[in-house]
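See below for the structure under consideration.
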Amino acid sequence: MNLFDRPGTAVWSTILALALAIGAGCAKKDAAPGSAPSPAAAVLDASGTVDLEVMAFLSEARALHHEANIREDEGDLPSAITVMRRLVGATRPHAGESVPEVLEVLADAWARIAELELKRRDLDEAAKAVKEGLAHAPDATYFRGHLLEVEGVIEEARAADFSDAGKKDDAQRARARAIALLQEAVKVQEQVIGRALGDGGKR
Amino acid sequence: MKLDRCVCAVGLVAIVTAACGGAAKSASEPASPATSAPPGYAPLPAPGGAAGTGTGAAPSREATLSVARGDLESAQRELDVAAGDCMAACRALGAMDRATGHLCGLVQESDERTRCEEAKNRVRGARDKVRTTCGTCPGGVSVDRNAPVPTER
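Sequences listed follow chains A and B, in order.
Using our numbering, the first residue of the first sequence is number 3, and each one after it goes up by one.
Using our numbering, the first residue of the second sequence is number -13, and each one after it goes up by one.
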């Protein structure tokens, strides 16, 4: 399994992005007033020191994803889900504040819970996890797009179940929902690419 | 893979250290106002031709090196940020590709086929964009416009 496919790599990506941003942030302490804030702002305080609370949370998330990987590799999906639920229930840094990196970790963790629930064919629990995740990802980010993608796949599975049960109309409706969600996921990721590569996320 | 992650982790430390260390160094080393190059060193043209113009004096080696060091650090920072952007773009492209695969696997009616084609076109457009800026993507995410959507793995 490669770096991009492995569950939990979104956390790794966040840590990588933070490291890069911290590097850029260190070098930009004397940036002109009014210039765009560094993306590292959330983990750097006013003096440019790394926010250890956020870094500790990211580290905890990474460890829990790793533990869930082991459980999943062993085929123990309930334990993997329990581990991920520990992450979404963990003490968050700067309670009451909205820290983008923390929200991304939570959205990503809920997406993984949804995927694990889907894998053990509990579609209702999977759908609930997606809803929880979307609450942490209101904007057009990779994490929102990924959650919509997972929700689309859940509806795809639901359509198959209805079809197998001979419920044609229900299957048709679930299929239509799946297509709409997957289409939305594609559009969100397209915006993410546009923003990352400099067109401001047009379209 | 674990090894990839270890290598990446080492790289991260190096990147952060280099960026922070470099910045601190340049901040603590103000450019020298010296006006002549030492023997054996021809004065180098300043970037943009700005330094030294109007005064008739050539920048010192120290000043030239300081400017070069600043340019190098600036380029390194841009490279670091670009690497992060490409990683984000590749990850999103992989997700687009997967979602389109699921979407197109579900279509039955002509209206739905149109939506599938529209999604595929978006993926092709995104591949062009990512290829132009980033070259390639890791993890088997295709940036070839003509490759099947979704990418065959």
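Backbone N, C-alpha and C define an ideal beta-carbon position, used for all residues, glycine too.
None of these values were measured; they are calculated from a predicted model.
Exposed unless 16 or more other CB atoms sit within 10 angstroms - verdict on residue i
i          : result
Pro140(A)  : exposed
Leu149(A)  : buried
Leu58(B)   : exposed
Pro134(B)  : exposed
Arg113(B)  : buried
Glu95(B)   : exposed
Ser61(A)   : exposed
Val(-7)(B) : The predicted position of Val(-7)(B) is uncertain, since its pLDDT is 40 and thus under 50; a value taken from the coordinates is nonetheless stated next. With fewer than 16 other Cβ atoms within 10 Å, it is exposed.
Thr122(B)  : exposed
Leu89(B)   : buried
Glu99(A)   : exposed
Gly91(A)   : exposed
Arg108(B)  : buried
C-beta neighbour in chain A for residue i, strict 9 Å
i         : result
Thr140(B) : Since the first and last residues shown for chain B are -13 and 139, residue 140(B) lies out of range.
Gly174(B) : Absent from the model: residue 174(B). The displayed extent of chain B is -13 to 139, so no value can be given.
Ala105(B) : yes
Arg101(B) : yes
Ser128(B) : no
Chain A contact residues for residue i, given Cβ-Cβ distances below 9 Å
i        : result
Val53(B) : The premise fails here: Val53(B) is roughly 16 Å from chain A at the closest Cβ pair, so nothing lies under 9 Å.
Ala98(B) : First, the residue type needs correcting, since residue 98(B) is Glu and not Ala in the sequence shown. Near Glu98(B) (Cβ distances below 9 Å), the residues of chain A are Arg177, Ala178 and Ile181.
Within chain A, partners of residue i - CB distance below 7 Å
i         : result
Arg140(B) : Nothing about residue 140(B) can be reported from this structure: the residues present for chain B run from -13 to 139 only.
Asp71(B)  : Ala198 and Leu199
Neighbour list for residue i in chain B, Cβ cutoff strictly below 7 Å
i         : result
Ile195(A) : Ala75, Ala78, Leu79, Ala112, Lys115 and Val116
Val155(A) : His88
Limits of the unbroken alpha helix (DSSP H) element including residue i
i         : result
Asn107(B) : Ser96 to Cys120
Val85(A)  : Leu79 to Val90
Gly200(A) : Counting along the chain, Gly200(A) falls outside any alpha helix (DSSP H), and DSSP gives it neither H nor E.
Ala139(A) : Run containing Ala139(A): none; DSSP gives neither H nor E here.
Asp75(A)  : Leu54 to Asp75
Pro102(A) : Pro102 to Lys121
Proximity test, Cβ basis, 9 Å: residue i and chain B
i         : result
Lys121(A) : no
Ser37(A)  : Note that Ser37(A) has pLDDT 36, beneath the 50 cutoff, so the model's placement of it is unreliable and the number below is only indicative. It does not: the Cβ of Ser37(A) has no partner Cβ on chain B nearer than 9 Å.
Leu118(A) : no
Glu192(A) : yes
Glu151(A) : yes
Gly135(A) : no
Ala82(A)  : no
Glu158(A) : yes
Gly168(A) : no
His148(A) : yes
Ala161(A) : yes
Chain-ordered neighbours of residue i on chain A, where CB pairs are closer than 8 Å
i         : result
Arg131(B) : Those within 8 Å of Arg131(B) in chain A number zero; the least Cβ separation is about 14 Å.
Thr86(B)  : Leu184 and Val188
Closer than 9 Å at the beta carbon, the chain D residues around residue i
i         : result
Thr119(B) : The structure shown contains no chain D; its protein chains are A and B.
Heavy atom of the ligand FAD within 8 Å of residue i beta-carbon
i         : result
Ala111(A) : With respect to small molecules bound, the structure shown includes none, and the ligand FAD cannot be examined in it.
Interface partners of residue i on chain B, CB under 9 Å
i        : result
His67(A) : Simply none; closest approach about 12 Å.
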